[in-house]
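Taking it in order: structure first as structure tokens, then the write-up.
Protein chains: 2
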Amino acid sequence: MATPIEAVRWSPDGRAVRIIDQRLLPGEYVERDLRTLDEVVEAIQTLAVRGAPAIGICGAMGLVVCATKHESMDADAFRAALAGDALTIREARPTAVNLSWAVDRLMNVARAVDGPPAAVLSALHDEATRVLDEDRAMCRAIGEHGAALLAEGSRVLTHCNAGALATGGIGAALAPVYVAVERGRRIAVFADETRPLLQGSRLTAWELARAGIPVTVLTDNMAASVMRDGSIDLCIVGADRIAANGDVANKIGTYGVAVLAKHHGIPFYVAAPSSTIDLATATGAGIVIEQRPSHEVTRPFGTPTAPDGASVHNPAFDVTPAELVTAIITERGIHRAPYNFAR
Amino acid sequence: MATPIEAVRWSPDGRAVRIIDQRLLPGEYVERDLRTLDEVVEAIQTLAVRGAPAIGICGAMGLVVCATKHESMDADAFRAALAGDALTIREARPTAVNLSWAVDRLMNVARAVDGPPAAVLSALHDEATRVLDEDRAMCRAIGEHGAALLAEGSRVLTHCNAGALATGGIGAALAPVYVAVERGRRIAVFADETRPLLQGSRLTAWELARAGIPVTVLTDNMAASVMRDGSIDLCIVGADRIAANGDVANKIGTYGVAVLAKHHGIPFYVAAPSSTIDLATATGAGIVIEQRPSHEVTRPFGTPTAPDGASVHNPAFDVTPAELVTAIITERGIHRAPYNFAR
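Chains as they are written, first to last, in my numbering: chain W, -3 to 339; chain C, -3 to 339.
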């Protein structure tokens, strides 16, 4: 297997955040080095970098890059400039919890260092690298646990992209696939294209094909027939939020895959870092579903595909009830109902 | 309610086939008059006219239009030219059963007339009009039977387009909706966009919006969540072929809708003319599923959405087993299992 791509990392000189520009995939592979506040914010806002873990890492590393430019200031001015940059990055995508979490984590480190700008910068650089390394380790652990569920020849259906492109490491839903392939197993992946934004065909299929893993793209409405054909052994998807009872919010369409899997007696797994588990949310009923702009549905690639007189439904996520989830894979292991995430 | 559109009809002078050019919908509404063999064949081949009943009608009426041009020939030359045109039209889309059926029906009439070209032409014109009128009556009857299943306020989910655009009349799956609305009931329709070719958003949403019927477009993977929300009372879809045991071949994605409907306790109806029932096919296992070109999935509107290294799955149809079908609505009535279509 080729090494999975790295969505976010330091540039070789350590003075820029190097990302894969996901807006251009699958047509073009372009790495970009983010060296200024504007570049960091723009990359996050325009989804050049996407996926909650990858956004958090990019924000943390991006803050270090920006702060480096203030190194020659006196201590007070440096701290003021750092705080301003942190606020701007934090607000680039206000709903991305990982982004504010990562930026806040760096600012806590900055506050704890009682020294000149150079000392603060050094501590920030170490902490951002730690954010990246921890995410890589978490992906790896999810992959190690999840790989136990994959046999030689397993055929996996996934939805959206919870792969290397969404994290600093080898992904969440795709991590078990990467680890199983690394161990010499032949694994085939079926990727729902995942309308409206097509993260499955654009991103999941791209990163798997690049790693030399066989992948078949299908439109979302074909999942049922491949399950019925006996072409799918298990499903693995990611998660945006997991409630305390095991209900899972993830990309729209995930719930339908779970229902179809149940009907066909196919195991349905969710793979996500344990930070995705929100113990403050008792059940999926407490998760507010964001409605997104209608043009994503009605104007794909700028082409009008629906008449002006039609209404449009475009929820970003749906909630899969815990009873349809076979198990939840985190870096801590494989969790099965009844869930006791708090332990 | 505005009158549903007429996909195929005679031009006012009776010398051309007037169609709505479905390639341009929903962006542009253009009626085209087909006056030559080339125009008839091109309209059928390029899906300017689509839907098995509409194609059959267009072929029958198109043959009359072409034959009219040979009226001044002597009887033998006329019959030879007619036979040549019939063969050309018949082969415009070789797999469309309704097309060969309609053309053969006209040729049988021609053979039965023992007179000059003018007499044959008159008989052909009458027969083509009969093909159109019978289809209209059949749609109407499906609508009358099916409307009994729709209550005031019913919310109907449909997939693909089995509407007026696919027939000479008010459609098959949408006919019950049109009749119920005509009777004063408020009906709301949810239209799956129906990847890869988007007949749901492009055509179903367009014809319903034009008729003033509330329609909401959703991507195929959203059907599960609207069912779970309690937003759907029943599903009605069309059929490409129905086996003797009630298994239904229809546009890819139909089977998934049926599984989801069953999971949510929502009735799932199939509406189609009885000519769709193929008694020679015992079960759905005998129905061969056409695989279509991969670019329909990977290059929507010319934009590459999947990497070159990925395989692609693109079956045109799937088969819904009879046990997931609540009832089949034809012009003869509402059929429920165990099916005895032969009576």
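Just so you know, even glycine gets a beta-carbon here, dropped at the ideal spot from N, CA and C.
Supposed close pair residue i, residue j - CB separation, criterion 8 Å
{"i": "threonine 316(C)", "j": "alanine 254(C)", "result": "4 Å"}
{"i": "valine 61(W)", "j": "arginine 101(W)", "result": "Going by Cβ atoms, the distance from valine 61(W) to arginine 101(W) rounds to 16 Å, so no, they are not a contact pair."}
{"i": "isoleucine 330(C)", "j": "alanine 323(C)", "result": "5 Å"}
{"i": "serine 271(C)", "j": "tyrosine 251(W)", "result": "No, serine 271(C) and tyrosine 251(W) are not in contact; Cβ-Cβ is about 37 Å, not under 8 Å."}
{"i": "cysteine 54(W)", "j": "isoleucine 15(W)", "result": "6 Å"}
{"i": "alanine 158(W)", "j": "leucine 170(W)", "result": "7 Å"}
{"i": "tyrosine 265(W)", "j": "leucine 320(W)", "result": "11 Å between Cβ atoms; not a contact."}
{"i": "proline 192(W)", "j": "glutamate 292(W)", "result": "4 Å"}
{"i": "alanine 168(C)", "j": "alanine 268(C)", "result": "5 Å"}
{"i": "glycine 341(C)", "j": "histidine 141(C)", "result": "Lying outside -3 to 339, the shown extent of chain C, residue 341(C) is not represented and no answer is given."}
{"i": "glycine 164(C)", "j": "alanine -2(C)", "result": "The pair is not a contact, with the Cβ atoms about 18 Å apart (cut-off 8 Å)."}
Contact with chain W by residue i, beta-carbon distance below 8 Å
{"i": "isoleucine 1(C)", "result": "no"}
{"i": "phenylalanine 264(C)", "result": "no"}
{"i": "glutamate 189(C)", "result": "yes"}
{"i": "alanine 201(C)", "result": "yes"}
{"i": "valine 255(C)", "result": "yes"}
{"i": "glycine 261(C)", "result": "no"}
{"i": "glycine 346(C)", "result": "Since the displayed chain C opens at -3 and closes at 339, residue 346(C) lies outside it and no answer follows."}
Interface partners of residue i on chain W, CB under 8 Å
{"i": "threonine 294(C)", "result": "Ser197 and Val213"}
{"i": "glutamate 309(C)", "result": "Checking the displayed sequence, the identity of residue 309(C) turns out to be histidine instead of glutamate. By Cβ distance, chain W contributes Phe186, Thr212, Val213, Leu214, Met218 and Val222."}
{"i": "proline 300(C)", "result": "Pro22 and Gly23"}
Residue-chain proximity (residue i, chain C), Cβ-Cβ < 8 Å
{"i": "arginine 14(W)", "result": "no"}
{"i": "tyrosine 174(W)", "result": "no"}
{"i": "glycine 165(W)", "result": "no"}
{"i": "alanine 306(W)", "result": "yes"}
{"i": "phenylalanine 74(W)", "result": "no"}
{"i": "proline 334(W)", "result": "no"}
{"i": "isoleucine 248(W)", "result": "yes"}
{"i": "leucine 194(W)", "result": "yes"}
{"i": "phenylalanine 337(W)", "result": "no"}
7 Å Cβ cut-off: residues of chain C touching residue i
{"i": "histidine 121(W)", "result": "Near histidine 121(W) there are no residues of chain C at all, since even the closest Cβ is about 35 Å away, more than 7 Å."}
Under 9 Å by beta carbon: chain C residues contacting residue i
{"i": "aspartate 314(W)", "result": "Asn217, Met218, Ala220, Ser221 and Arg224"}
Under 9 Å from the C-beta of residue i: neighbouring residues of chain W
{"i": "leucine 238(C)", "result": "It is worth fixing the name first, because residue 238(C) is isoleucine in this sequence and not leucine. Within chain W, no residue comes near isoleucine 238(C); the closest Cβ sits about 17 Å away, beyond 9 Å."}
Start-to-end residues for the alpha helix (DSSP H) that takes in residue i
{"i": "phenylalanine 74(C)", "result": "71 to 86"}
{"i": "arginine 126(W)", "result": "113 to 143"}
{"i": "leucine 102(W)", "result": "93 to 108"}
{"i": "valine 37(W)", "result": "33 to 41"}
{"i": "leucine 204(W)", "result": "201 to 206"}
{"i": "tyrosine 265(W)", "result": "Note, tyrosine 265(W): premise wrong, no alpha helix (DSSP H); beta strand (DSSP E) at 264 to 267."}
{"i": "valine 255(C)", "result": "250 to 259"}
{"i": "leucine 59(C)", "result": "48 to 64"}
{"i": "alanine 338(W)", "result": "Neither: alanine 338(W) is in no alpha helix (DSSP H) and is coded neither H nor E."}
First and last residue of the uninterrupted beta strand (DSSP E) at residue i
{"i": "cysteine 156(W)", "result": "No beta strand (DSSP E) holds cysteine 156(W); DSSP gives it neither H nor E."}
{"i": "lysine 247(W)", "result": "244 to 247"}
{"i": "leucine 21(W)", "result": "No beta strand (DSSP E) contains leucine 21(W), which DSSP labels as neither H nor E."}
{"i": "glutamate 27(C)", "result": "27 to 30"}
{"i": "glycine 329(W)", "result": "329 to 331"}
{"i": "arginine 5(C)", "result": "4 to 6"}
{"i": "arginine 237(C)", "result": "237 to 239"}
{"i": "leucine 214(W)", "result": "211 to 214"}
{"i": "threonine 294(C)", "result": "No beta strand (DSSP E) contains threonine 294(C), which is instead part of the alpha helix (DSSP H) from 291 to 294."}
{"i": "valine 233(W)", "result": "230 to 233"}
{"i": "alanine 147(C)", "result": "Taken as a continuous stretch (DSSP letters only), alanine 147(C) belongs to no beta strand (DSSP E), as it is neither H nor E."}
Where residue i meets chain C, residues with beta-carbon distance less than 8 Å
{"i": "alanine 205(W)", "result": "Pro303, Asp304, Gly305 and Ala306"}
Quiz item: Hey, is the region 46 to 54 of chain C in contact with the region 79 to 98 of chain C, meaning 3+ C-beta pairs nearer than 8 Å?
Solution: yes
Quiz item: Given 8 Å as the limit, is there contact between the region 206 to 215 of chain C and the region 176 to 189 of chain C, that is, 3 or more CB pairs closer than that?
Solution: yes
Quiz item: Are the region 231 to 244 of chain W and the region 275 to 292 of chain W in contact at 8 Å, needing three or more beta carbon pairs?
Solution: yes
Practice problem: Would you check if the region 57 to 76 of chain W and the region 113 to 128 of chain W touch, i.e. whether three or more CB-CB distances between them fall below 8 Å? | Solution: yes
Self-check item: Three or more C-beta pairs below 8 Å linking the region 25 to 41 of chain C and the region 292 to 311 of chain W
Solution: no
Exercise. Check whether the region 166 to 181 of chain C touches the region 286 to 301 of chain C, taking contact to mean three or more Cβ pairs, one atom from each stretch, closer than 8 Å.
Key: no
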